[in-house]
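Undergrad:
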Amino acid sequence: SLETFATNNQNVSKHRKSYSATKNSKKPSGGGKKNSPPELTEEQKQEIREAFDLFDTDGSGTIDAKELKVAMRALGFEPKKEEIRRMIAEIDKDGSGTVDFEEFLAMMTVKMGERDSKEEMIKAFHLFDDDETGKITFKNLKRVAKELGETMTDDELQEMIDEADRDGDGEISQDEFLRVMKKTNLW
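Reading the sequence shown from the start, the letters are residues 1 to 187 in UniProt numbering.
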């Protein structure tokens with residue numbers, strides 16, 4: 001399935017690293033530990049602390065829903081009202097309707113991990129889309145299957161495309177790819 005290819009993308013990635021020109025040398029992520037939150041750098045923790053302190057305007061050591069939304073935006077997220085309510089309900093252990101720093105840090109650690117996972121899936125998409133059309137074509141899928149040593153029939157490969165192809169153009173866009181990955185909990 002497409003999901004299997006994406007999880008095996010690490011192999012393709014390692015295989016191609018020797019001749020791919022990557023400009024930003026980012027520390028590789030945890031390598032497949034899907035359920036444990038990532039370790040944040042001291043810089044990330046400091047950034048989260050600064051956002052929290054900035055929006056804890058009354059110095060109470062807690063922030064409410066409105067302040068939480070603004071703090072998350074400052075960290076590069078665009079949360080919806082319903083998402084904010086859900087997040088507060090999940091982490092507000094004492095039912096106060098506010099979030100203290102430890103709760104905020106735990107929540108942002110998970111959110112940053114999700115963002116990193118999405119970035120990894122986007123990198124995987126680009127490994128498939130080596131001709132840079134913005135779509136994964138049958139030809140792209142066949143090449144990746146071969147590189148991974150997968151023996152699949154043309155019909156099986158086409159079935160994978162059909163499964164992910166929501167707009168019926170016969171190819172898989174980045175959004176369609178990410179949707180399948182999210183649906184299968186790969187990020």
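All residues carry an ideal CB built from backbone N, CA and C; glycine is no exception.
Using only alpha-carbon positions, find the residue among 168, 110, 84 that is nearest to residue 98.
TA: Of the listed residues, the one whose Cα sits closest to residue 98 is 84.
Undergrad: Assign residue 54 to buried or exposed, taking buried as 16 or more other Cβ atoms, counted over all protein chains shown, within 10 Å of its Cβ.
TA: It is exposed - the Cβ of residue 54 has fewer than 16 other Cβ atoms within 10 Å.
Undergrad: Determine, using beta carbons only, whether residue 136 and residue 129 come nearer to each other than 8 Å.
TA: Cβ atoms of residue 136 and residue 129: closer than 8 Å.
Undergrad: Below 8 Å between beta carbons: does that hold for residue 108 and residue 75?
TA: Cβ distance < 8 Å, so residue 108 and residue 75 count as in contact.
Undergrad: Can you give me the start and stop residues for the alpha helix (DSSP H) that residue 69 sits inside?
TA: From DSSP, the alpha helix (DSSP H) with residue 69 extends over 65-74.
Undergrad: Please work out which residues of its chain come closer than 8 Å, Cβ to Cβ, to residue 195, disregarding the five sequence neighbours upstream and downstream, and give them in chain order.
TA: Outside the displayed span of the chain (1 to 187) sits residue 195, for which this structure offers no information.
Undergrad: Within 10 angstroms of its Cβ, does residue 169 collect 16 or more other Cβ (buried), or is it exposed?
TA: It counts as exposed.
Undergrad: Report the residue from 48, 125, 110 whose alpha carbon sits nearest the alpha carbon of residue 179.
TA: Here the closest residue by C-alpha is 125.
Undergrad: Quick check: what's the CA-CA separation for residue 91 versus residue 147?
TA: Going by the C-alpha atoms only, they are around 44 Å apart.
Undergrad: Note down, in chain order, each residue of its chain lying with its Cβ closer than 8 Å to the Cβ of residue 87, except the 5 sequence neighbours on either side.
TA: Contacts found: 68, 79, 107.
Undergrad: May I ask you to report which of helix, strand or coil DSSP gives residue 173?
TA: Strand.
Undergrad: Taking residue 102 as the reference, give the member of 45, 176, 174, 167 with the closest Cα.
TA: Ranking 45, 176, 174, 167 by Cα distance to residue 102 puts 45 first.
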